[in-house]
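Under the working numbering, read the sequence shown as residues 1 to 741, first letter to last.
In what follows, a structure is listed as structure tokens, so that the remarks can point back to it.
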Amino acid sequence: MELTIQQQLEKLEHKPTTSRSKTETFQLAQELLKKMTLAEKIGQMFQLAPPEANVEGLKWEHREENSSAKLICEGKVGSILSVTDSETIFKLQKLAVEQSRLGIPLFFAADMIHGCRTGFPINLAMACSFDPDLIERSCRQIAYEVAHTGLNLTFSPMVDLVRDPRWGRVMESNGEDPYLNSQLAAAYVRGYQQGDYSSAYSVAACCKHFVAYGAAEGGREYNTVDMSERELRQHYLSGYKACADAGVASFMTSFNIYDGVPATANKFILRDILRNEWQYDGFVISDYTSSYEMIDHRTARDAREVALQSIVAGLDHEMVSMTYLEHLEELVISGEVEESLIDEAVIHMLQFKYQIGLFDDPYKHLYADREQYMRLPETLNLAKEAALKSVVMLKNDNQTLPLAKQKQKIALIGPLADSNQVVGAWGSLARNEECVSLLSGMKSLIGGENILHTAGCDILGNNRDGFAQAIAVAKSADIIILAVGEDQSMSGEAKSRAYLNIPGVQNELAQALKALNKPLIVIVFSGRPLELGWYAENSDAILQAWFLGNESGSALASILFGDSNPSGKLAMSFPYTVGQIPVYYNQYNTGRPSPNGEYSEYRSCYIDVPNYPLYPFGYGLSYSKFEYMDLVIDKKVLAAAQQLTVSVKICNTSEISGEEVVQLYIKCKNFSVARPNRELKRFKRVMIPTNCSKIIEFTIDKSDLAYYNAEMKSTPENRDYIIYVGSDSNADLSAEFSYLS
Ligand code: NOJ
């Protein structure tokens, strides 16, 4: 009698996988290539989303028409998208290995972006930790879960630089700064791949979306990107380059055009920059149907031309759309495409499969009971540490926070007060029902007697029926905690917003509560910076809680009651209003800068809102009080071969120990092309015990001063520089030096 899939999984014996060098995988791939027909080669260039795939969004018509089993058996599939249950992975892999002529295993890829079974905070939140080590450790744990799910590759990290919070995908990003982005990008790759994705605990990563997808005009999803090569090179490429340098296994092209040409068929991006300048030797995959969409970009007349343009530009693997499968063979036969281009792509794909160890064990990490590897105590602890470091305290007047655990009655109000819908978009296998809500986090910490809870209203809609109850509850309490924000489904892919207000009647509820004249603490849940002007003026304290994943409520409660000290810093500026966008810290000065960023006639400014944001990049408060002093640089003139050492003393003058993110910015006084007013160059997270001080040292060199000059060459030029050190991008402690090569 044939065994069920479950029984076969139980009987699986895992074979050891071998770590192989690039040279070895290249030779192995070449040997295999010799045995392949043209059609089999092209099959390796296709990623199928079978009907079992958990994909959202545009449905691809071919999915149902072509039986996935048939395609796999014919050797026409190279990898599988978004199948995450072990039984289906096993079933499909078995077909490939046992039924296709050459038995080449498939690889399995999915979006495990901020966690797998354990939900970590959304990426923008984790970026606020300014903690590459935390990101790396988190990704190691995430990789462990991803690998034990039977997946080989995660479509992460997303390193698109973002300056427009209307774009729903800012929640996946590392924020607005090129340096922070590149530091965190490399940490993601190190954590996932651990230097060897053949190992039992690691997983291959994919750097996306190449290129500049974060600059979609107006923050509108899938929209046009138009930027100068200078802007691209100077600010937007750093995250992708950091991934390439860290050895990321793959790159994903973006949906947008760059310089008029869709990224998926953009030779300048894929060949000139990625392959030639960066010497990248992993594989390049398109985004979901981004190749076929060239027909709608109207840069290709039909699917045949899409295939032609994409292979010439250097696209190795096509996600979901089937232009390669349907047209490449004929394009080779007609002589329009050299077979060597196909060989080049297939070598990349086969090398990857050898590197993962799929030829050693195609059923790598498939388990009958995988749940035993998920949500391990150490993973949940790390998710909590990540949540704690992601929270940004935006306001805390008169030390409203932390709260005492006893004595006062707390009214906990708002649609997000007892919501466990806090996994955030791209939650992969994490479950909302396993997330700790704010109310349950608070109850486990201080008990329930002093907490009075009511929602007051929904996140969306205009139902005010709960207001009276909320006001009654608030009246009988000493303080009000109001949990407001976006629904988690309002950010992520295809979730652009034109307004950045807290939706529904939540602001009205806040105003009604404010009228009671009680201390008002606001907790904002969102996947993007929102307009918080009213709250900044009218509340006593604000915590930006993002979507923190499994440990959301426990982390927030710990901060509210002082068991933990907030230490997150904004990775993205919070605008006063949507009309200021783009508003980011590293803007250019212009020829008519406005004094203090305020209104001044015939200066670059608005008549109705300042130039600066409500809360700037790098900003975030602590229960501790940190004072910066004694900024010292070790030389006034820096030579080409030298390093400049910068030291600063930070005193914690409070009775609370805390972590501070010390930030170093430079300003180049003048340069051959315009440079931003400030550029982040270093940061360090340090613990400073109560009533202690620490001296922090940074070193920088000429590479930190370099900028793309008029000839598009990155160079430091002999110029005067100012260093600023402090706790956010407005840091004012400064020192000056010159660079002389
Ligand atoms: C589309 C998204 O843009 C991309 O980020 C994701 O990896 C793919 N779909 C696959 O799910």
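Quick reminder that beta carbons are idealized off the backbone N, C-alpha and C, glycines included.
For clarity, every value in this text was computed on a predicted model and none was experimentally measured.
*Please go through the same chain and pick out, in chain order, the residues whose beta-carbon is closer than 6 Å to the beta-carbon of Cys-139, but skip the five residues on each side of it.*
Tyr-188, Gly-191 and Tyr-192
_Reference Tyr-615, options Met-112, Asn-517, Lys-395 and Ile-523, closest by Cα_ = Lys-395
*Alpha-carbon spacing of Tyr-588 relative to Leu-33, whole angstroms*: 52 Å
*Contact test: Val-524 Cβ vs the ligand NOJ heavy atom, cutoff 7 Å*: no
*Met-171 versus Ala-571, Met-629, Phe-683 and Ala-303, residue with shortest Cα-Cα distance*: Ala-571
*Cβ of Asp-701 within 8 Å of Cβ of Gln-643?*
yes
_List, from N- to C-terminal side, the beta strand (DSSP E) runs of 3 residues or more that fit wholly inside the stretch 242–322._
250–253 and 283–285
*Determine, using beta carbons only, whether Thr-454 and Ile-413 come nearer to each other than 8 Å.*
yes
*So the alpha helix (DSSP H) Val-189 belongs to, where does it begin and stop?*
178–193
*asked:* In whole angstroms, give me the CA-to-CA distance for Ser-734 and His-209.
replied: 37 Å
*Do you know whose CA, among Ile-650, Lys-35 and Val-248, lies nearest Gln-746's CA?*
Because the chain spans 1 through 741 in this model, residue 746 falls outside it and cannot be assessed.
*Asn-398 versus Pro-262 - alpha carbon distance*: 53 Å
*Of the residues Tyr-213, Ile-333 and Glu-305, which one's Cα is nearest the Cα of Met-322?*
Glu-305
*Measure the beta-carbon distance from Ile-356 to Phe-107 and round it to whole angstroms, keeping in mind my assumption that it falls under 8 Å.*
6 Å
*So what does DSSP say about Phe-90, is it helix, strand or coil?*
helix
*Looking at Asp-196 and Ser-19, is the spacing between their C-beta atoms short of 8 Å?*
yes
*Return the CA-CA distance between Tyr-707 and Thr-715, expressed in angstroms with no decimal places.*
5 Å
*asked:* Can you tell me whether Tyr-258 sits near the ligand NOJ, meaning its C-beta is under 7 Å from at least one heavy atom of the ligand?
replied: no
*Rank Asn-223, Gly-568, Ser-198 and Glu-176 by C-alpha distance to the C-alpha of Asp-361 and give the top, closest one.*
Ser-198
*Run through DSSP, which three-state label would Leu-401 get?*
coil
_In DSSP terms, what Phe-698 is bridged to_ = Val-646
*Do the CB positions of Pro-121 and Ala-417 come within less than 8 Å of each other?*
no
*Phe-120: CB within 7 Å of a non-hydrogen atom of the ligand NOJ*: no
_Quick check on DSSP: helix, strand or coil for Asp-458?_
coil
*Which class does Cys-73 belong to by DSSP, given the choice of helix, strand or coil?*
helix
_Given the structure, does Glu-493 come close to the ligand NOJ, in the sense that its CB is under 7 Å from one of the ligand's heavy atoms?_
yes
_CA-to-CA distance, Glu-338 to Val-332, given in whole angstroms_ = 6 Å
*Which same chain residues, not among the five before or five after Glu-598, have their C-beta less than 6 Å away from its C-beta?*
Pro-610
_Here's a check: name, in chain order, each residue in its chain whose Cβ is nearer than 7 Å to the Cβ of Trp-426, leaving out the five neighbours to either side._
Asp-111, Ile-113, His-114, Glu-172 and Gly-492
*State the beta-bridge partners of Asp-720 as determined by DSSP.*
Ser-738
*Of all the options Ala-483, Phe-467, Leu-184 and Leu-38, which has the alpha carbon lying nearest to the alpha carbon of Leu-439?*
Ala-483
_Counting only beta-carbon separations shorter than 8 Å, does Cys-116 have a partner in chain C?_
As a matter of chain content, chain C is missing from the structure shown, which is built from one protein chain.
*Thr-645 and Asn-691: beta carbons closer than 8 Å?*
no
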